[in-house]
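Residue numbers (mature numbering (1 follows the signal peptide of the UniProt record, and there is no 0)): -20 to -1, 1 to 107.
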Amino acid sequence: MSTRILVLGALILGPAAAQAAPGDVNAQSFYLDAKDLSAKGMKAMFDKRTRPAMAAMKDAGERVRDENEAAKSRGAPIYCVSEAQRKKGMSPQMVVDMLGRVPEAQRKRVTLVQAWRSALVREYPCT
């Protein structure tokens, strides 16, 4: 009886647990793909890795921004981007460069969300 319940629970929870968010990709593999796509220039638009990479970065950016907004409402933001930089935005090359400044050993063991948070804290510290 308990085996049946355990198997049923695994079948119910399995598909939900197996679906990871786009920003949960490995940071190092994302970085290597992003560098490769960046080197292709306009030809990158025709590469099959472009859309998933854009979705992953969008997800990571939104999740870290939401985390920072929640921290800001508690009075302790994680990172502080100036209003001028916020209006200017970030180019794809700037994103790749910021991720490149995260140590490779760290990128290899964290998700894109974690690496992006680290990159923003490093680039825009709250002083």
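Beta carbons are placed, not taken as given, at the ideal position from N, Cα and C, and that holds for glycine.
Computed from a predicted model, the values in this text were never measured in an experiment.
Beta-bridge partners of residue i, as assigned by DSSP
i	result
Thr91	Asn6
Residue i, buried or exposed, once every other Cβ within 10 Å from all chains shown has been counted against 16
i	result
Arg102	exposed
Phe26	exposed
Arg89	exposed
Leu92	buried
Ala7	buried
Ala50	exposed
Arg87	buried
C-alpha distance - residue i paired with residue j, whole-angstrom precision
i	j	result
Lys68	Ala85	31 Å
Lys52	Ile58	7 Å
Thr30	Gly55	37 Å
Leu79	Tyr11	7 Å
Ser18	Lys28	14 Å
Lys20	Ala64	30 Å
Ala14	Asp77	10 Å
Asn48	Met22	33 Å
Thr107	Leu100	14 Å
Pro32	Asp4	12 Å
Pro105	Arg66	14 Å
residue 144	Met70	With the chain covering only -20 through 107, there is no way to say anything about residue 144.
Ser9	Cys60	27 Å
Asp16	Ser62	30 Å
Contact belief for residue i with residue j at Cβ below 8 Å, rounded distance in angstroms
i	j	result
residue 108	Val75	Only positions -20 to 107 of the chain appear in the structure, and residue 108 is not among them; the question remains open.
Ala35	Pro2	4 Å
Mind the definition here: the segment 92 to 104 touches the segment 28 to 45 only if three or more C-beta pairs lie below 8 Å; say whether that holds. yes
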